[in-house]
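J.:
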Amino acid sequence: MDKKRAVLLVDMDYFYAACEELRRSDLKGKAVIVGADPKGGKGRGVVMTCNYLARKQGIKSAMPISIAYRINPDAAYLPADFPYYEEMSAKVMHVLRGFSEKVEQVSIDEAYVELTGAVGSLDEAAEYAERIKGKVRAETGLSCSVGVSFNKLMAKMASDAAKPDGIKLVRESEVSSFMGNMPLDKLYSVGDKTKARLESMNIKSIGGLAKANKMALLSEFGSIGIELRNYANGIDESALVENYEAKSIGRESTFEHDTSDQKEIEQELMKLSKEVAAEALKAGFAFKNITVKIRYSDFSEHLHSRGIKPSSGAEAIYSTARLLYLDSFERGRKLRKIGVRASGLMKYSGQSRLG
Ligand code: TTP
Ligand code: MG
């Protein structure tokens, strides 16, 4: 890539909880938690997100709601209102599309904005970021954080450092001072397993990975090892993806009591399939892959996927999800949680509906 790029990653601050604060002034000054019903400490399911006051108390995304309740029983516990968050998300994305033709939405509250060509320097890109933040706040009342950098990878890394309500610019010359000392799992695509394997090679930080022996990485990970090392050096040439292949829509729910009752499980699958289909329809997506996630009562988790012909109907999701469940589920074992996800999304245009 000869041309210097300028890329922003815009990520909304504590998104679901911020949306709730926006419409409910009675939540001011309170810890706000969006997620499962805590049911006086006996509730199941997890925290989806919480505001910064709750985070200060140690509450965080994906934590069991019962633990959050133990930490703060007086917090405001709210159920998720997806249609409302989608509506706010659409407003945010609309603002972003006003600043650049190239916008890649990566989740409900996050998008890349390509400014290459529109600006002459990263400093200028940071001024754009300032204007974007102002406009997002004016149009939605919400705050966001913006990473400004020379590629997607570094814009994303920078946005984490910008939180909350900030802008962080990282230049090419600053990569190692910015993230060299960060733990490995802060790096894109490094999870617990990869981290453990890297540590067994005596690589302990992103900076360590950046300088690690290439042959050693190759023999441990294959070509992925070199890719990881490139990431650690801030190298990423990927372009913004404006099709919707990478997107997916999923719903999951935790059973009130662990169950192996086929009827109850099928009913839940049907409900989730309908919700996923409704969201896909609203967003104008067809999908060509269905995944079922099963979590047993011992917390072990299994994913099973199958491709289908492009569709957007609940029936197509349900029939595939049911097959996946019947094929893979170990009968007699109790299930704690089940989820349905549609991916391989494709935007369809006009009035015609598939499937
Ligand atoms: P994030 O952007 O990861 O989190 P956030 O916006 O709540 O907080 P931050 O200020 O750190 O960006 O996710 C966006 C939304 O996605 C979040 O508001 C709720 C939802 N979500 C879940 O439902 N479960 C999860 O485990 C996470 C991380 C997010
Ligand atoms: Mg966010």
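Numbers 282 to 636, taken from the numbering used here, label the letters of the sequence shown in order. Yeah, the Cβ is synthetic: ideal placement off N, Cα and C, and Gly gets one too. Only a predicted model underlies this, so the values are computations on that prediction, with no experimental measurement involved.
Quick one: residues with CB closer than 5 Å to any heavy atom of ligand 2, in chain order, please.
T.: This criterion selects Asp292, Met293, Phe296 and Asp390.
J.: Mind pulling the beta strand (DSSP E) runs of 3 or more residues that sit fully within the region 284 to 325?
T.: 288 to 293 and 313 to 316
J.: What separation, rounded to the nearest whole angstrom, lies between the Cα atoms of Ala299 and Gly326?
T.: A direct Cα-Cα distance of roughly 21 Å separates Ala299 from Gly326.
J.: Rounded C-beta distance between Val522 and Val394? I'm assuming under 8 Å.
T.: In fact, because the Cβ distance is near 13 Å, the residues do not count as touching under 8 Å.
J.: Considering just the uninterrupted stretch of the beta strand (DSSP E) at Arg622, what are its terminal residues?
T.: For Arg622, the uninterrupted beta strand (DSSP E) segment begins and ends at Leu616 to Ser624.
J.: CA-CA distance, Asn353 and Gln338?
T.: About 8 Å.
J.: Using the Cβ count rule (16 or more neighbours within 10 Å means buried), how would you classify Asp294?
T.: buried
J.: To which residues of the same chain is Gln386 closer than 6 Å at the C-beta, ignoring the five residues directly before and after it?
T.: Met374 and Ala392
J.: In three-state terms, what does DSSP make of Ala527?
T.: Because Ala527 carries a pLDDT of 43, less than 50, the predicted location of this residue cannot be relied on, and no value is offered for it.
J.: Classify Ser457 as helix, strand or coil using the three-state DSSP reduction.
T.: helix
J.: Can you look up Asp390 in the DSSP assignment and give me helix, strand or coil?
T.: Asp390 falls in the coil class under three-state DSSP.
J.: State the DSSP-derived secondary structure class of Pro445, mapped to helix, strand or coil.
T.: Coil.
J.: Quick check: does the Cβ of Ala491 come within less than 7 Å of any heavy atom belonging to ligand 1?
T.: no
J.: Does the distance between the C-beta of Lys414 and the nearest non-hydrogen atom of ligand 4 fall short of 7 Å?
T.: Ligands present in the displayed structure are limited to ligand 1 and ligand 2, and ligand 4 is not among them.
J.: What residue range is occupied by the uninterrupted alpha helix (DSSP H) comprising Thr397?
T.: From DSSP, Thr397 is part of no alpha helix (DSSP H); its letter is neither H nor E.
J.: Report the start-end ranges of each alpha helix (DSSP H) in the region 456 to 530 that is 4 residues or longer and not cut off at the edges.
T.: 456 to 460, 473 to 481, 487 to 492, 495 to 502 and 504 to 513
J.: Based on the DSSP secondary-structure assignment, which residues constitute the bridge partners of Ala246?
T.: A query on residue 246 cannot be resolved here, the shown segment of the chain reaching from 282 to 636 and no further.
J.: Quick one, are the C-beta atoms of Ser534 and Ile619 less than 8 Å apart?
T.: yes
J.: Using the three-state DSSP reduction, which class does Ile415 fall into: helix, strand or coil?
T.: According to the sequence displayed, residue 415 carries Gly and not Ile. The answer is helix: DSSP assigns Gly415 an H, G or I state.
J.: Indicate the three-state DSSP secondary structure (helix, strand or coil) for Ser347 in the structure shown.
T.: helix
J.: For Ala567 and Gly625, I'd like the C-alpha separation in whole angstroms.
T.: 8 Å
J.: Closer than 7 Å: is that where the CB of Ala343 sits relative to any heavy atom of ligand 1?
T.: yes
J.: Does the beta-carbon distance from Gly506 to Leu498 come in below 8 Å?
T.: yes
J.: How is the alpha helix (DSSP H) around Ile598 delimited, first residue to last?
T.: DSSP places Ile598 inside the alpha helix (DSSP H), whose first and last residues are Ala595 to Ser609.
J.: DSSP three-state label for Leu403, please.
T.: helix
J.: Helix, strand or coil for Glu533, going by three-state DSSP, please let me know.
T.: strand
J.: Closer than 7 Å: is that where the CB of Ser500 sits relative to any heavy atom of ligand 1?
T.: no
J.: Report the three-state DSSP secondary structure of Leu553 (helix, strand or coil).
T.: It is helical.
J.: May I ask which residues mark the beginning and end of the alpha helix (DSSP H) holding Val376?
T.: Segment Phe363 to Arg378, the alpha helix (DSSP H) holding Val376.
J.: Less than 8 Å between the C-beta atoms of Ser457 and Ala491, yes or no?
T.: yes
J.: Taking one C-beta from the region 601 to 609 and one from the region 547 to 555 each time, how about it: are there three or more such pairs within less than 8 Å?
T.: yes
J.: From Lys368 to Leu403, what does the alpha carbon distance come to, in whole angstroms?
T.: Note that residue 368 corresponds to Glu in the displayed sequence, not to Lys. Straight-line Cα distance between these residues: approximately 31 Å.
J.: Quick one: measure Cβ to Cβ for Glu501 and Arg478, integer angstroms, because I've assumed they're closer than 8 Å.
T.: Rounded, the Cβ-Cβ distance is 6 Å, consistent with contact.
J.: Within 10 angstroms of its Cβ, does Ala343 collect 16 or more other Cβ (buried), or is it exposed?
T.: exposed
J.: Give me the residue from Lys285, Arg617, Phe610 and Tyr366 with the minimum Cα distance to Phe580.
T.: Arg617
J.: When DSSP labels each residue in this structure, what does Arg587 get in the three-state scheme?
T.: Strand, per DSSP.
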